[in-house]
Amino acid sequence: MKIEHLAYFVHLSKTGSFTKSSEHFYMTRQNFSKIIRQLQCEVGATLYIANRSGVTFTEEGKIFLNFARQTVRTYDKTMETIKKQSLNKQITGEVHVYAGIIIMAMFSSSGIFAKFLARYPNISLHMHEGDSLSALPMIQDDKRIVAILPIAEDPKLNYLYHPLLDTFKVIPLFKGEYACLVNRHHQFAQQEHISVQSFLKTSHANLFKNSVLSEMLSQYGSYQPRYSSNNLDIYTNLIANDNIAGIAALESESILDFYAQKKLYLVPFTERLAYTTSLVIHSALKPTDPAYLFSQFMFDSVKNKT
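Numbered according to the numbering used here, the sequence shown spans residues 31 to 336.
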């Protein structure tokens, strides 16, 4: 029993005509009918009744038709997957991803980066943790670079790099919002929400260097962020010091679980510090370029998960 013969049988169910189906496959009606009769003999049951008005399937024929459809569909899908995998192995190159440490940790823990490398085994993926804003000027000269960065919901807050964004391709991934992060003994921990002004008046430590966040906070007065190159030190300070408050992103369940394990509380701001985490790539990338493939893979993975 051949796959193509099952495909003939499926097509016959669509047309109800030996003549039309044989023409579709560029065969004579005689040869097409012979194959269908042979298929019926292999099954050992009457699958159809043919007369001048067309072809009618018997109950056995309907059962076999379901089998034929599933088999052909599975075969086509399998062959397509194999072909894609074979083509994917032929794609070589490098992708340099620039992202903040929280974003990097979130995607790493979800396994998205590992899945990309499994699909494209001959593409080298280089991760650069830090302020992804610094990568934007480099994208203009290097098509291998992808920046993952938060873009403020309020376009006025993107003034530092908005001119650059206009020259790139920006792919939105998901929306997020910043909140205050404190330990359970901090004065903010028991409040439903706090104002940004209240946050700025207390001693605080920013959890990660982020130019977009700095722009957002600058609307509410002078802001002198305290950065640290070691995230562990920041978490340790927040846990141990009842007077320190930080800022964190409300982005994923895994991040929220991490904060909960550290006994850290997220307190929403009265004002919305909203943004969209987005991919930024060179506008002239081709669909076969490694950076484009990475961006498309990230977009599809995030959308299928939400």
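From the three backbone atoms N, C-alpha and C, an ideal C-beta is built for every residue, glycine too.
| Where does the unbroken alpha helix (DSSP H) through Leu95 begin, and where does it stop? | Leu95 -> alpha helix (DSSP H) spans 89–120.
| request: Specify whether the stretch 108–128 and the stretch 311–330 touch according to this definition: at least 3 beta carbon pairs, one from each stretch, less than 8 angstroms apart. | output: They touch, by the three-pair rule.
| Does the distance from the C-beta atom of Ile169 to that of Val73 stay below 9 angstroms? | No, the pair does not count as a contact, with Cβ atoms beyond the cut-off.
| request: Go ahead and label Glu89 buried or exposed: buried means 16 or more other beta carbons lie within 10 angstroms of its beta carbon, across all protein chains shown. | output: Classification for Glu89: exposed.
| Pairwise C-alpha distance: Lys64 and Met57 | C-alpha separation (whole angstroms): 11 angstroms.
| field | Backbone secondary structure at Thr86 - three-state DSSP | value | In the structure shown, Thr86 sits in a strand (DSSP, three-state: E or B).
| query | What runs of the alpha helix (DSSP H), each 4 residues or longer, lie entirely inside the stretch 159–225? | reply | Taken in chain order, the unbroken stretches of alpha helix (DSSP H) that lie wholly in the stretch 159–225 and span 4 residues or more are 166–169, 192–195.
| task | Would you mind stating whether Leu230 and Tyr250 have Cβ atoms separated by less than 9 angstroms? | result | Between Leu230 and Tyr250, the C-beta spacing is below 9 angstroms.
| request: Return the bridge partner residues of Phe229 from the DSSP annotation. | output: Answer is none; Phe229 lacks a bridge partner.
| request: Let me know the secondary structure DSSP gives Glu53 once reduced to three states. | output: Under the three-state reduction of DSSP output, Glu53 falls in the helix class.
| task | Taking 8 angstroms as the threshold, find out whether the stretch 283–303 comes into contact with the stretch 206–224 through three or more Cβ pairs. | result | The stretch 283–303 makes contact with the stretch 206–224, as at least three CB pairs between them are under 8 angstroms.
| request: Give the DSSP bridge partners of Leu294, in chain order. | output: Per DSSP, Asn213.
| query | Straight-line CA distance for Tyr78 to Lys107? | reply | Lys107 has its alpha-carbon roughly 28 angstroms from the corresponding atom of Tyr78.
| message | By the three-class DSSP mapping on this structure, what secondary structure does Ile79 have? | response | Residue state, collapsed to three classes: strand.
| query | So Ser308 is in the beta strand (DSSP E); what residue range does that whole segment cover? | reply | Bounds of the beta strand (DSSP E) holding Ser308 are 304–312.
| message | So Ile142 and Met328 are supposed to be a Cβ contact under 8 angstroms. How far apart are they, rounded? | response | At roughly 7 angstroms, the Cβ-Cβ gap stays under 8 angstroms, so Ile142 and Met328 are in contact.
| Nearest to Leu243 (by Cα), restricted to the options Ala278, Gln227, Ile224, Val102 | Per the Cα distances, Ala278.
| task | Give every residue of the same chain whose Cβ lies closer than 8 angstroms to the Cβ of His54, excluding the five residues on either side of it in the sequence, and list them in chain order. | result | The residues are His41, Thr45.
| How many angstroms separate the CA atom of Leu147 from the CA atom of Ser116? | Cα-Cα distance, rounded: 14 angstroms.
| Secondary structure of Tyr250, DSSP reduced to three states | Here DSSP, grouped into helix, strand and coil, assigns Tyr250 to coil.
| Residue span of the beta strand (DSSP E) that contains Glu124, given as start and end | 123–129 is the span of the beta strand (DSSP E), which, as asked, contains Glu124.
| message | Tell me the rounded alpha-carbon separation between Thr76 and Lys92. | response | If you draw a straight line from the Cα of Thr76 to the Cα of Lys92, it is about 11 angstroms long.
| said: By DSSP's criteria, Ser331 is part of a beta bridge. Which residues make up the other side? | reply: DSSP, once it has assigned bridges, lists no residue as partnering Ser331.
| message | Let me confirm a value: Lys113 is counted as buried when at least 16 other C-beta atoms fall within 10 Å, else exposed. Which label applies? | response | Around the beta carbon of Lys113, fewer than 16 other beta carbons sit within 10 angstroms, so the residue counts as exposed.
| request: Look up Met31 in the DSSP assignment and say whether it is helix, strand or coil. | output: In this structure, DSSP gives Met31 a state outside helix and strand, which the three-state scheme calls coil.
| request: Mind checking which residues open and close the alpha helix (DSSP H) that includes Ile274? | output: Looking at the DSSP string, Ile274 is not in any alpha helix (DSSP H), and its letter there is neither H nor E.
| Beta-carbon separation of Leu203 and Val332 under 9 angstroms? | Yes, Cβ-Cβ distance for Leu203 and Val332 is below 9 angstroms.
| said: My output table needs one value for Ser154: the three-state DSSP class, helix, strand or coil. | reply: Reduced to three states, the DSSP call for Ser154 is strand.
| query | First and last residue of the alpha helix (DSSP H) that includes Leu315? | reply | DSSP places Leu315 outside any alpha helix (DSSP H), giving it a letter other than H or E.
| query | Who are the near neighbours of Thr86 in its chain, counting only those whose CB is closer than 6 angstroms to its CB and skipping five residues on each side? | reply | Cβ within range, chain order: Ile79.
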